[in-house]
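Protein sequences appear in the order of chains A and B. Mapping the first sequence onto the working numbering, position 114 (from 1) lands on 207, and the numbers just tick up by one. Mapping the second sequence onto the working numbering, position 19 (from 1) lands on 1318, and the numbers just tick up by one. Beta carbons are placed, not taken as given, at the ideal position from N, Cα and C, and that holds for glycine.
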Amino acid sequence: MKNDLVLRVVAKLFIPFILLFALYVQFHGELGPGGGFQAGVIAAAGVVLHALIFGLDAARRIVPERLVETMLAAGVLIYAGVGVAGLLLGGNFLDYFVLSGDPVYGQLRGIFWVEAGVFVTVSGVMLKIFYMFAARGRDEDGEEA
Amino acid sequence: MSLAPHLPALQVVLPLLTAPAAVLLRSGGAAFLLVTAAAWGAFAISLGLWQQTAGGEVISYAIGNWPPPWGIELRVDRLSAFVLVLVAGMAAVVLPYCRQSIEREIPRDQHYLFYAMFALCLTGLLGITITGDAFNIFVFLEISSLATYVLIALGRDRRALVAAYQYLIVGTIGATFIVIGIGLLYLTTGTLNLADIGTRLPQVSGERPVLAALAFLTVGICLKLALFPLHQWLPNAYTFAPSAVTAFLAATATKVSVYVLLRFYFSVFGESLVFDRLPLPGIMLLLSLAAMFVASAVAAFQDDLKRLLAYSSVAQIGYITLGLSFDSQSGLTATIVHLFNHGLTKGALFMLAGCLVAVAGGSGLARLAGIGRAMPVTAFGIVLGGLSLIGVPGTVGFVSKWYLVLAALEKGQWWLVMAIVGSSLLAVVYVWRFVEIAWFREPPAGLPADRRLPLSLQAPAWLLVAATVYFGLDASFTVGSAAAAAEQLLGMTR
C-alpha cells in the first residue's frame, strides 16, 4: 500500500494523533475510562497502522523486535517493582500509601507507575503478536528476523 | 525493616520477578542461575511458612494494605504451607536438572525463554496455593496453565504441539467452569474472599446457584487434576513434554489442583453440604476406583515409558481422591500425605526416565530394551520408584496406602481394602513390564558407547529417590503435617 498517496498522507496525519490519544487514555485512566491496557493497545495500533501502510520492515526499523521483547518484560518488572518499593518503604506488597508522605499522593504515585508498567507490557505484547503473525510465511525457514 | 512478616508476598513475588528478568538477560546460563536461585529462595520461604503455621496459626497478609475481605488476602494455614513446601521444593530440585536436560531437547536460543516460562509456572502454582481470594485463584491458575502449555509445546517431538493444544482446549474449558463457579459464588454472597464466602454461604436463601457453583467448580477442578474420566489430556502432555517439564508438572500441577478442590470443599462450601447432603462421596468413590483399576490396566499395555508412568499418575490420583471420598480425618490425612508422596515418587521416576531418554534417544519401550544391563544404576532407581507406586513397605507409597487402608477399615469397608490391594497388584504388572523389558531383552545395537550421565542429571533424580525411601521409613514430617492439616481443615467446617 506504499504507493497509494491517499493512504500514505492519511496515515501520516493519523499516527501522531493516535499516539497522542494513547497518552491521553494513559494519563486520564484513573479519572475516566481508560488506563494502561487500553492505552497500550492504542499505541501499538499506531505502529501497526504504520506497518500496514509502509511495510513491516519500516515498522521494525522504528520499533525493533529487540525493543519489543525488552518492553514486554520491563513492564512486568515496573509493576512488580512498585510492589517491592512499597515493601521496602515499610508497607505491605503493593502498598501505595507509603510511597509518599501524603497517603493520597502516594496512591496517585503508585497508580501512575503501575499503569506505566501495564502500558509498556501491553503495547510490547501487542506488537510482538503482530510482528509474529505478519512475519509468518515471509521469513519462514525457522529464522527469526 | 524485617522481612519475616512479608514472607507470604515474597513467596510469590520472588519467582515472579525472575521471569521478566530472565527475558531481559537473554542468556540461558544467566537465566538458569537466576531462576534456580529464586526457586531455592522460594523453598526456604515455604519452609519458614511451614514452621510458622505448624502450631495451627493462620497467617493472613493484606496485599496493598487493603484489609480483607475488601482487598486481596494471602492466607497460609497448615495445608497450604505443606503444599507450598512440595511445590517450591520440587522446583528447587528439578531446576538444576533442567540445565543438562533441556540442552539435549530444546534449541539453545530458546533456553532463556524456557526458564522465564518455568518461573511463571512456579509463580502460578505457588500463587494458587497461597491466595485467600477466589478470583485470585483463577488468575494464578491461568498464569500457571498458560506457562504450562508453552512448556509442553517445547518438547522436541512435533506431537508435543498437538498435546499442548489438546491440554489448552481442555484446560481452558476447566478454567472457564471454575470462573463460572466463582462468578456464581460472587453473585450469591457478594464477596470473593474465600473465608468470607464460607461464613456468608449459610445465610444465602436460594440454594440453587450455590449447588450450580459447586457443580461447576467440581467439574472444572477435576479436569485440571485429571480425575478419571477427565484425564484424557494428561498422557499425551506428559509423554511429549520435555523430560524436566514432565517431572515438575507430574509432581506439582495436579497436586495443586487437589489442594484447590480441598480448599473449596472444606473452607468454602463446608463439609455438611458437600458430603452429607449430596451424593458426592459416592460419585468420588466410584470415579476413584475406576481410575485406580482402569488407568492401571491401561498403563500395563503402553509401549512408551513416559506414557506408562502418565497412566500410572491417573491411577495414583484415584488414591488421592479415594481418601477424600471417605470424609473422615484419616481419609483426608491419606489424601494429603499421598499428594506429597506421589509428587516425590513421580518426580523421581520422570527424572530417571529423562536420564534414560538422554542416552537412548527416546522413551519408547522398544528403544529401552536391555537398558537395565546397559545402565543398571538408573534402571534400578526406576524400579525403586516403581516399588513406591506399588506400595512396598520402606517406600512412601506404603505410607500412603497404609493410611488409606486405615481409613477404609475405620468405615468398616473391607471390600475397599481388597480393592486397594488389588489395584496395587495391577501396579506390579506395569512395573514388571518395565523390569522385563529392561533386563530380559537383548540391548539393541544402536545404544551409544558413551553412556555416562552428567552429575546434574543424576544427583537431583537420586535425591528424590532417596527422599522416597527416607519418608517411607520416617514419615513423621509427612504424616505429621498431613494429619495436622486435615485436623485444621475439618475444624474449619461447620
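- Residue state for B:GLU1741 is assigned as coil, using DSSP reduced to three classes.
- The shortest CA-to-CA distance from B:VAL1676 to any of B:LEU1752, B:GLU1506 and B:SER1629 is the one to B:LEU1752.
- For B:GLU1372, the uninterrupted beta strand (DSSP E) run begins and ends at 1372-1375, by DSSP.
- Leaving aside the five residues that flank A:LEU165 on each side, the residues in its chain whose CB is nearer than 7 Å to its CB run, in chain order, THR214, GLY217, VAL218 and LYS221.
- Residue contact check for B:GLY1363 against chain A: a CB pair falls below 8 Å.
- Note that the C-beta distance between B:THR1538 and B:ILE1616 is not below 8 Å.
- Closest in alpha carbon position to B:VAL1695, among B:TYR1464, B:TYR1729 and B:THR1767, is B:THR1767.
- Interface flag for A:ASP188 against chain B is set, since a Cβ pair is found closer than 8 Å.
- DSSP places B:TYR1702 within a helical segment (H, G or I) once states are collapsed to three.
- As the crow flies, the alpha-carbon of A:GLY139 is around 21 Å from that of A:ARG229.
- Bridge partners of B:TYR1618 according to DSSP: none are assigned.
- Across the set B:LEU1648, B:GLY1569 and B:THR1545, the C-alpha of B:GLY1569 shows the shortest separation from the C-alpha of B:VAL1509.
- The C-beta of A:VAL103 comes no closer than 8 Å to any C-beta of chain B.
- By the CB criterion at 8 Å, B:LEU1667 and B:ALA1659 fall inside the cutoff.
- Per DSSP, the unbroken alpha helix (DSSP H) holding A:ALA227 starts and ends at 196-228.
- For A:LEU160, not one C-beta of chain B is nearer than 8 Å to its own C-beta.
- For the pair B:SER1359 and A:LEU181, the Cα-to-Cα distance works out to about 19 Å.
- The beta-carbon of B:TYR1464 is placed no less than 8 Å from the nearest beta-carbon of chain A.
- Inter-residue distance for B:LEU1584 and B:ILE1689 is about 20 Å (C-alpha atoms, whole angstroms).
- For the pair B:MET1389 and B:ALA1550, the Cα-to-Cα distance works out to about 7 Å.
- In this structure, B:ALA1543 places its C-beta atom within 8 Å of the C-beta atom of B:TYR1396.
- Around the C-beta of B:PHE1625, 16 or more other C-beta atoms lie within 10 Å, and the residue is accordingly described as buried.
- A:ASN185 is classed as buried because its beta carbon has at least 16 other beta carbons within 10 Å across all chains shown.
- Of all residues in the region 1728-1762 of chain B, none has a C-beta nearer than 7 Å to a C-beta of chain A.
- For A:TYR189, no beta strand (DSSP E) encloses it, and the DSSP letter there is neither H nor E.
- By the criterion of a C-beta distance shorter than 8 Å, B:LEU1789 is surrounded in its chain by PHE1565, GLU1570, GLN1628 and LEU1631, once the five residues flanking it on both sides are discounted.
- Spatial neighbours of B:PHE1439 in its own chain (CB-CB distance under 7 Å, excluding positions within 5 residues in sequence) are listed in chain order as GLY1423, GLY1426, ILE1427 and THR1430.
- Bounds of the beta strand (DSSP E) holding B:SER1359 are 1358-1361.
- Neighbourhood of A:LEU180 in chain B, by CB distance below 9 Å: MET1300, LEU1302, HIS1305, ALA1308, LEU1309 and VAL1312, in chain order.
- The count of Cβ pairs closer than 8 Å, one atom from the region 1327-1339 of chain B and one from the region 1453-1469 of chain B, stays below three, leaving the stretches out of contact.
- In this chain, the alpha helix (DSSP H) harbouring B:MET1583 covers 1579-1589.
- Residues of the region 186-220 of chain A with a C-beta atom less than 7 Å from some C-beta of chain B are PHE186, LEU187, ASP188, TYR189 and PHE190, listed in chain order.
- Judged by DSSP in its simplified three-state form, B:ASP1603 adopts strand.
- The C-alpha of A:TYR172 is placed about 16 Å away from the C-alpha of A:PHE190.
- Under DSSP, B:ASP1432 forms a beta bridge with B:ASN1492.
- Across the region 1382-1416 of chain B, no CB contact with chain A closer than 7 Å is found for any residue.
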